[in-house]
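Numbering (the numbering used here), first residue to last: 87 to 415.
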């Protein structure tokens, strides 16, 4: 986290405690060393009117603060979301209480009772029993910066399958809660492993270190958010491709559950037992890989352009093994 963000946190904290706070308590709330608080106080004095009384620091009641303006209904939505977040996170997160204090300050004049409730929640988060884990917060901040800047990050994390720590380069696509088997997992990051087509979701707690690299990546426009694998999920994208497939049996469709697909229509089996289905799927490398995975159990009928493209790619693969292929049809 940058110094400007820390100064904003300190200003919000002092605004919500007009009686002032001891430096040791400020350090505990912000998760920094007491000597660091002294430097922050000196920096903040250059911008706002602070007062000090021995070890207590406070902010002038007349000090204005520019806040993002939200309606009371928008503020309530954020308040409720923050409450859920607070209940589902294992570690103390200073960003959470800082965001709540901004929200409370925004409401202080027009909705003082709601403002007081939100302030109380921020206070409970800061003084609660959540574990302090600066390394976790640092990783979360780094992954967020990587996501926002669109830069690849090198991480060391524990592989959930092997239980061993490994290093990899990763392109974050989403950060949030991840649904698995109907249950909420902790805050996770979903993205692509570099040099592969593999999409992976990693529990932030399993990442031991993260370093942003000076290399950029692009998030596909058609990538779905967490857990949205339903065939009828609402989604609009120019990168969906309408496919007409001929499949050997209906169970073949299970292979598409890790892709975004839409408007699935399965026709009655033909006389030979094969089934025609119409489906819109994300036009991505994952779609190609899933079709290859189906082998002879699926045939692309339409569109002809994609069918020909698929055949060309299969021929390229076959040529590596010195196999003869058929011409595109």
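Every residue gets a Cβ at the ideal spot worked out from N, C-alpha and C, and that includes glycine.
> residue 278: buried (16+ other C-beta within 10 angstroms of its C-beta) or exposed?
Replying inline: The residue given as residue 278 occupies position 192 in the chain shown. By the 10 Å Cβ count, residue 278 comes out buried.
>> Considering only DSSP beta bridges, list what residue 107 is partnered with.
In response: The residue labelled residue 107 in the question sits at position 21 within the chain shown. Partner(s): 143.
> Do you know offhand how far residue 358's Cα is from residue 332's?
Replying inline: Translated into positions along the chain shown, residue 358 becomes position 272. Translated into positions along the chain shown, residue 332 becomes position 246. When rounded, the distance between both Cα atoms is 11 angstroms.
>> Rounded to the nearest angstrom, what separates residue 402 and residue 408 at their Cα positions?
In response: Translated into positions along the chain shown, residue 402 becomes position 316. Translated into positions along the chain shown, residue 408 becomes position 322. When rounded, the distance between both Cα atoms is 10 angstroms.
>> As an exercise, report each continuous beta strand (DSSP E) stretch of at least 3 residues that is fully enclosed by the segment 199-274, in chain order.
In response: 237-244, 251-266
>> Please tell me whether residue 160 and residue 240 are closer than 9 angstroms, where the distance is taken between their beta carbons.
In response: Position 74 of the chain shown, counting from 1, holds the residue named residue 160. Position 154 of the chain shown, counting from 1, holds the residue named residue 240. No, these two residues do not count as a Cβ contact at 9 angstroms.
> To the nearest angstrom, how far is it from the Cα of residue 237 to the Cα of residue 254?
Replying inline: Numbered from its first residue, the chain shown carries residue 237 at position 151. Numbered from its first residue, the chain shown carries residue 254 at position 168. If I take the Cα positions, the gap works out to 14 angstroms.
> In the DSSP assignment, what residue or residues form a beta bridge with residue 296?
Replying inline: Looking up residue 296 in the chain shown gives position 210. Answer is 241.
> Between residue 382 and residue 337, what straight-line distance do the alpha-carbon atoms span, to the nearest angstrom?
Replying inline: Translated into positions along the chain shown, residue 382 becomes position 296. Translated into positions along the chain shown, residue 337 becomes position 251. A direct Cα-Cα distance of roughly 14 angstroms separates residue 382 from residue 337.
> Is it the case that the Cβ atoms of residue 330 and residue 387 are separated by a distance below 9 angstroms?
Replying inline: Reading the chain shown from its first residue, position 244 is the one you call residue 330. Reading the chain shown from its first residue, position 301 is the one you call residue 387. When the beta-carbon positions are compared, residue 330 and residue 387 come within less than 9 angstroms of each other.
>> Only counting the same chain, and skipping five residues up and downstream in sequence, which positions put a Cβ closer than 8 angstroms to that of residue 162?
In response: Position 76 of the chain shown, counting from 1, holds the residue named residue 162. The residues are 200.
> So which of 168, 167, 90, 178 has the shortest CA-CA distance to residue 115?
Replying inline: For the purposes of this step, residue 115 is taken as the residue at position 29 of the chain shown. With distances taken between Cα atoms, residue 115 lies closest to 178.
> Distance, Cα to Cα, residue 93 vs residue 339?
Replying inline: Within the chain shown, numbered from 1, the residue matching residue 93 stands at position 7. Within the chain shown, numbered from 1, the residue matching residue 339 stands at position 253. Taking the straight line from one Cα to the other gives about 53 angstroms.
> In three-state DSSP terms, what is residue 190?
Replying inline: Position 104 of the chain shown, counted from the start, is the residue given in the question as residue 190. Three-state DSSP puts residue 190 in a helix.
> Can you name, in chain order, every residue of its own chain whose Cβ lies under 6 angstroms from the Cβ of residue 142, other than the five neighbours on each side?
Replying inline: The residue labelled residue 142 in the question sits at position 56 within the chain shown. 106, 108, listed in sequence order.
> What separation, rounded to the nearest whole angstrom, lies between the Cα atoms of residue 421 and residue 286?
Replying inline: This structure cannot speak to residue 421, because the chain is shown only from 87 to 415.
> residue 397 to residue 157, Cα distance in whole Å?
Replying inline: Here residue 397 refers to the residue found at position 311 when the chain shown is read from its first residue. Here residue 157 refers to the residue found at position 71 when the chain shown is read from its first residue. Straight-line Cα distance between these residues: approximately 55 angstroms.
>> Classify residue 212: buried if its beta carbon has 16 or more other beta carbons within 10 angstroms, exposed otherwise.
In response: Looking up residue 212 in the chain shown gives position 126. Result: buried.
> So what's residue 352 in DSSP terms, helix, strand or just coil?
Replying inline: One-based indexing of the chain shown puts residue 352 at position 266. Looking at residue 352 - three-state DSSP - the assignment turns out to be strand.
> Which stretch, first to last residue, makes up the alpha helix (DSSP H) that contains residue 163?
Replying inline: Residue mapping note: residue 163 aligns to position 77 of the chain shown, counting from 1. Where residue 163 is concerned, the enclosing alpha helix (DSSP H) stretches over 158-173.
>> On a Cα-Cα basis, can you pick out the residue from 118, 206, 196, 303 that is closest to residue 219?
In response: If you number the chain shown from 1, residue 219 lands on position 133. Taking only the C-alpha atoms, the option nearest residue 219 is 118.
> Under three-state DSSP, which class holds residue 276?
Replying inline: Taking the first residue of the chain shown as position 1, residue 276 is located at position 190. Three-state result, residue 276: strand.
> Thinking just about the alpha-carbon of each residue, which of 172, 175, 138, 207 is nearest to the one in residue 189?
Replying inline: For the purposes of this step, residue 189 is taken as residue 103 along the chain shown, with counting starting at 1. Here the closest residue by C-alpha is 207.
> So who's on the other strand from residue 329, going by DSSP bridges?
Replying inline: Along the chain shown, one-based indexing puts residue 329 at 243. Per DSSP, 365.
> Among 192, 193, 170, which one has its Cα closest to the Cα of residue 182?
Replying inline: As a working note, residue 182 is residue 96 in the chain shown. When each option's Cα is compared against that of residue 182, the closest is 170.
>> With a threshold of 9 angstroms between beta carbons, is residue 393 in contact with chain D?
In response: Here there is only one protein chain, and chain D is not present.
> In this structure, what does DSSP give as the bridge partners for residue 385?
Replying inline: The residue labelled residue 385 in the question sits at position 299 within the chain shown. According to the DSSP secondary-structure assignment, residue 385 is paired through a beta bridge with 332.
> Who does residue 136 pair with in a DSSP beta bridge?
Replying inline: The residue given as residue 136 occupies position 50 in the chain shown. Beta-bridge pairing links residue 136 to 145.
>> Within the continuous alpha helix (DSSP H) that includes residue 128, where are the two ends?
In response: The sequence position of residue 128 within the chain shown is 42, counting from 1. First-last of the alpha helix (DSSP H) with residue 128: 120-131.
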